[in-house]
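K.L.:
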Amino acid sequence: MYAYVIRRLFVGVIMLIAMSLVTFVLFFASPIDPARYACGKNCSPELREQTRKALGYDKPVVVQWTDFLKGVVQGRDYPDDPELRAAAPELVTHCPAPCFGYSVVNTKTVNEEIKEAFPVSLSISIAALVLWLFFGVLFGVIAAIRRGTVIDRGIVAVALVLYAFPAFFIGLFLLKFIAIKWQLVDVPVYTPIAEGGVGGWLSSLLLPAITLAVLYMAGYVRMTRAFVLESMTEDYVRTARAKGLRSPRVMVKHTMRAALTPLVTLIGLDFAGLMGGAIITETVFNYNGLGKLAYDATLTNDLPTIIGLVLLLGTFVIAANIIVDVLYAVIDPRVRVG
Amino acid sequence: MAFLSVRDLKVHFPTVDGIVKATDGLSFDLEKGKTLGIVGESGSGKSVSSSAILGLHRKTSAMVSGEILLDGTDLLKLSDEQMRRRRGKDVAMIFQDPLSAMHPYYTVGNQVAEAYRVHHNVSKKVAKARAVEMLDRVGIPQPDRRVDDYPHQFSGGMRQRAMIAMGLINNPSLLIADEPTTALDVTVQAQILDLLQDLQKEFESAVIIITHDLGVIAEMADDVLVMYAGRAVEYGSGNEILTHPEMPYTWGLLSSVPDVTGDTEARLIPIPGNPPSLLNPPSGCAFHPRCAHRDKVPGDLCVTTLPELAPGTRTETHLKRCHLANPDVVYEQEILPEIAPELVEEKQA
Amino acid sequence: MNNKRGDDKLTPLPATANFLPQDDPISRTEDPVDQDEIDFVAPIEGHAASVADPNAKPILEVRDLKMYFPVKSSGIIRRTIGHVQAVDGVSFQVPEGGALGLVGESGCGKSTTGRMVTRLYEPTSGTITFDGRDISRISTRQLKPLRREVQMIFQDPYTSLNPRHSVGAIIGAPLAIHKVLPRNKILPRVQELLEIVGLNPEHYNRYPHEFSGGQRQRIGIARALTLQPKLLVADEPVSALDVSIQAQVINLLQDVQREFNIAFVFVAHDLAVVRHFCPEIAVMYLGKIVEIADRDTLYNRPNHPYTQALLSAVPDVKQAAIGGRRERIRLEGDVPSPINPPSGCRFRTRCPIAQEICARVEPPLLQIGKRHKVACHFAGELGHHPDRPVTAPLLGVDDTGAPDPGATPTTMAGNEPGYSDTWYDLERKTMASA
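Residue numbers (the numbering used here), protein chains in the order written: chain R, 73 to 410; chain D, 11 to 359; chain X, 47 to 480.
1) Quick check on DSSP: helix, strand or coil for A95(X)?
2) I need the straight-line Cα distance from T327(D) to V339(D), nearest angstrom please.
3) So which of V243(D), P280(D) and S247(D) has the shortest CA-CA distance to S290(X)?
4) Check for me: the beta strand (DSSP E) holding Q413(X) runs from which residue to which?
5) Please report the residue range of the beta strand (DSSP E) in which Y150(R) lies.
6) Could you check how far apart the C-beta atoms of S195(R) and A350(R) are, in whole angstroms? I think they sit under 8 Å.
7) Are any of the Cβ atoms in chain X nearer than 8 Å to that of Y76(R)?
8) Among residues of its own chain, excluding the 5 on either side of V209(R), which ones have a beta-carbon nearer than 6 Å to its beta-carbon?
9) What first and last residue would you give for the beta strand (DSSP E) that runs through R297(R)?
10) Of the residues that make up the segment 172-203 of chain D, which ones have a beta carbon closer than 8 Å to any beta carbon in chain X?
11) Please confirm whether V420(X) and L428(X) have their CB atoms less than 8 Å apart.
12) With 8 Å set as the bound, which would you pick, yes or no: does the beta-carbon of E51(D) sit closer than that to a beta-carbon of chain R?
13) Looking at C-beta atoms only, is the number of pairs between the segment 137-157 of chain R and the segment 341-360 of chain R that lie closer than 8 Å three or more?
14) To the nearest angstrom, how far is the alpha carbon of I227(D) from that of D433(X)?
15) Considering only DSSP beta bridges, list what G128(X) is partnered with.
16) Name the one or two DSSP bridge partners that K112(X) has.
17) If you measure from the beta carbon of Y345(X) to each beta carbon in chain D, is any gap under 8 Å?
18) Rounded C-beta distance between H423(X) and T437(X)? I'm assuming under 8 Å.
19) Kindly list, in the order they appear in chain R, the residues whose Cβ is closer than 8 Å to that of Y160(D).
20) Thinking just about the alpha-carbon of each residue, which of V118(D), T117(D) and V236(D) is nearest to the one in F38(D)?
21) Within 8 Å of any Cβ in chain R, is that where the Cβ of K135(D) sits?
22) Closer than 9 Å by beta-carbon distance: list the chain D residues that pair up with V319(X), in chain order.
23) Where does Q136(R) sit, in a helix, a strand or coil, going by DSSP?
24) Is T311(R) close to chain D? Criterion is C-beta to C-beta, closer than 8 Å.
25) Using a C-beta cutoff of 8 Å, does H222(D) count as contacting chain X?
26) Give the range of the alpha helix (DSSP H) segment to which M144(D) is assigned.
27) Report the neighbours of Q294(X) on chain D: residues whose CB is nearer than 7 Å to its CB, in chain order.
28) Is it true that the CB of A172(D) sits closer than 8 Å to the CB of V118(D)?
29) Tell me the rounded alpha-carbon separation between E76(X) and S171(X).
30) Check each residue of the segment 296-310 of chain X: if its Cβ is closer than 8 Å to any Cβ of chain D, include it; give the result in chain order.
31) Cβ of K99(D) less than 8 Å from any chain R Cβ?
32) Starting from R17(D), trace the alpha helix (DSSP H) both ways and give me its first and last residue.
33) Which residues share a DSSP beta bridge with S247(D)?
34) Could you check the C-alpha separation between D80(X) and E238(X) for me, to the nearest Å?
35) Using only alpha-carbon positions, find the residue among A132(X), Q139(X), M162(X) and P141(X) that is nearest to G150(X).
36) Should I403(X) go down as buried or exposed, given a rule of 16 or more other Cβ atoms within 10 Å for buried?
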């Protein structure tokens, strides 16, 4: 098992390195000049060239990429060009290992940016996950047990309707009506646990989490329903009934455990994707999470930030995959290796 | 009154296309310590009927009617809870494919012990000890160690033994075995059939064995019920039915399977066509479109009228559902020479 | 409609494809009841089960074939720590238009052997000579013409047909892929093939789910026949079908075998079906052939204790019906793992007559009759197994399997494909010939 995880981690690191290269190549293949963006509004050709040198955009792509990898391992100093560093030593920023780069746009190292945005996204994602998983599975199982009835059709229909609303609509609706017009809750502002305690933290997450959860819940209702229905026709469920077990026990011990296994895969991937993918929700509620960071970085062609985020999210997806596989082995004894 | 008496059992499934009459008026009796073999092809209603005896059909999807009298109690009149209490205790079932019939996530011991704990208020430890005892009884080596293995760690034969242990752990008075050896290799099949026979003697259970394999029937069954399109078409003692079958479908089953001793030069005589649709069964005798002996019945009786399940030409207890007036003669003259020419020669000599 | 099948003249085919008789007797039916519902294959007079023609030239010769699947360790670097010896040194011949049956229990390597013959697997070692050419190592590109001549019929007619392709597309695909016929000739040929296998030719545009299991297996057979193969590997072709349908399909296979002179490798676990179809049968156990013989010898005078046990385990309805039940030989336990097969004779752990020598020395496949080979130290008919190993003097060992310095080992050509003209007579303990 451990050997298996190590093998997977090793492959994951190679994949991340490849991803960073692809991002570099794609970025420079675009016709936009990143130095032009980085140097600001009043930019002269000289200033632009200086910015280019400061960021190292003047070097070939592959060299930039190896510099970046070196930075991840050893850390590096900015500006990139040694002459510029020598000219203005007081402006040199040291970026310790693992250094994912320096964002001129935000005048911060990428590590600092991520450190600020990460807890916000993580908080929203966890809150949303708990919500959508609880209600999604609950309604999915109810629909499956009452299949073909009004309850079943009602649940499926409501899920579908909610699914059809775009995230910005639900987000804006919650913000404008629940928080501002009816004032049922405070207008949400992200509050870390350190500041507002667990209660303040949770209440600040309520509306963004609901926005995300509504979206994902619909899919989970339908999938849970389908998995449970499929599992109910399995031979081993018939065996369980033939033993004379009570229906709730047949449902919980025999049907659900098998039915919910495939959900583990989906949960892992959805959660990893959500970390950087809650762009619309974070923008609507003006939460400075990873999604908003990515959105802004794309608009300003902020290469170091983009690469940092690509790698971070890639790491999440790979880690989620490995965790899912390990969980699978825990749940299903047939998968256990060695 | 017989120990198990099934009267006019009907299992109908309403579907959007109409009512599927999976079992349509089935009656039979079974005594303790005896074995009834039910033979038929897929869709003949043999598995559906046995699931009805166990009360496994959900009321939302199936309409079950008739009487199933087990030791005088009509199982169909019991409430869901009363039926549940009997399921697995008085009536138990063994299924065809032990790999899919056991839950892959739980140990064999857990699943066998669970069957005991449902009906006995005992601790987990006691139930597990009982499971080990039962696994030992069905011939699983090192049962105290294997009890903690998962089903996929067992071989096919061992899994079926474990299923049998699960079925017999509460000492049921009626055991239904649905194709218990179909998924197994022949040498393992032989082991399992031997085991079932031994256990039946020991526990004095009534056994219903459902199979498509006449060879298994021949070795196991005291009585035989041949089903076609949801109805019994021939019913009687095993010996009677295998030596003097009187229904063309039974003849077809006998002549279409090769055996390991017969004449290899003989061509197999298949039953033409395909099993009928239960949604839209043929009129009259459901077997008439595939029957080679229809022309021996005057008029189009076979097409218009469903024959009664009535005594044939030999004994009062050998019932057949066929319009043929002299099936014994047809069998002697036309069928026997085809399937067992050596027997005919013997008789002549 | 009623008389359509018998009277229709078949479409003329280009010379390359002209292997069909103009009046195809197979699909003629006396009185088709309802073509949509029922497919008859009426008996053809004089078409009995196939008979071995020992003098026919072999179309397939398999020599010392092995298939080892690597077993990887679970460490950080995955090393190969062992092999599943799925097939371990199998040799046989199949004559032109003949049929060899491979029987045995699950895991004995019979299906793997079938797949190697069709080159779905590349064998670990050994040779497969098809029509005079060694095909055991040829490349994927060279395989393409081979695919025309060697075809396969699969067990499960539900999963082996693509549900999204019409029957016409499924059967016609090989013609298009191999560019045998121009596009506009494909449909008539497909309809002709449907007719050969006893299906309504007008149903070419239907999809697999519209057919019953037996009909699907017919579609699978039609697909296999499309390119006029010389060899068909049938892997459990009837075991997924209902009893009454099995006979229809077996008869159909026998008809096409006769009609088109196709050789068969027939893989099945059902001893009765194999006996009915194949004039020669090999019994496999844990990757090895333990006994191979012509049909009558194998079923009437089996010499290997495993063959004897297998045969005794088959429930026989006719025997039971006349009251005579054969004594069953109980085999204890399960088949051992092919990763670590028992030393010496692989069957010894379950064998009722095993002795010391069986654990030490592997019994050679010894020819003991004109068309009969057996791999057992104590080969003999049921109840007449010898007390002392018949193989010991030939192998140069004593009765316990220890090397015997005084003995002179004889070289035996038992594991060669086919049979030699001389063999070892078990009764007289000398070489004999016809």
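Built from N, CA and C at the ideal position, the CB exists for glycine as well.
P.N.:
Quick look at the numbers:
1) Any reading at A95(X) is ruled out, since the residue's pLDDT is 43, under 50, leaving its predicted position unreliable.
2) 19 Å
3) P280(D)
4) L412 to G415
5) G147 to Y150
6) Not quite, the Cβ-Cβ distance comes to about 11 Å (not below 8 Å), so this is no contact.
7) Against chain X, the CB of Y76(R) has a partner CB under 8 Å away; the residue lies at that interface.
8) Answer for V209(R): T296, listed in chain order.
9) Run containing R297(R): none in the beta strand (DSSP E); it sits in the alpha helix (DSSP H), I265 to M304.
10) D195, V196, T197, V198, Q199, A200, Q201 and L203
11) no
12) False, the Cβ-Cβ gap to chain R never drops below 8 Å.
13) Cβ pair count under 8 Å is below three, so no.
14) 38 Å
15) According to DSSP, which records beta bridges pairwise, G128(X) is partnered with V117(X).
16) D134(X) and S171(X)
17) yes
18) 5 Å
19) For Y160(D), the chain R residues whose Cβ falls inside 8 Å of its Cβ are P405 and R406, in order along the chain.
20) Comparing Cα positions, the closest option is V236(D).
21) Interface flag for K135(D) against chain R is unset, since no Cβ pair is found closer than 8 Å.
22) V267 and P268
23) helix
24) yes
25) Interface with chain X (8 Å Cβ-Cβ cutoff): H222(D) is included.
26) Unbroken alpha helix (DSSP H) run through M144(D): K134 to R147.
27) P280
28) Yes, the Cβ-Cβ distance between V118(D) and A172(D) is below 8 Å.
29) In this prediction, E76(X) has a pLDDT of 36, which is less than 50 and means its spatial position is unreliable; what the coordinates show is noted afterwards. Using only the alpha carbons, I get a separation of about 51 Å.
30) Taking 8 Å as the Cβ-Cβ cut-off, the segment 296-310 of chain X approaches chain D at I296, N297 and Q300, given in chain order.
31) yes
32) Counting along the chain, R17(D) falls outside any alpha helix (DSSP H), though it belongs to the beta strand (DSSP E) covering L14 to T25.
33) D233(D)
34) Bear in mind that a pLDDT of 39 at D80(X), under 50, signals an unreliable position, so the number given afterwards is only what the model happens to contain. Between D80(X) and E238(X), the C-alpha separation is close to 19 Å.
35) A132(X)
36) buried
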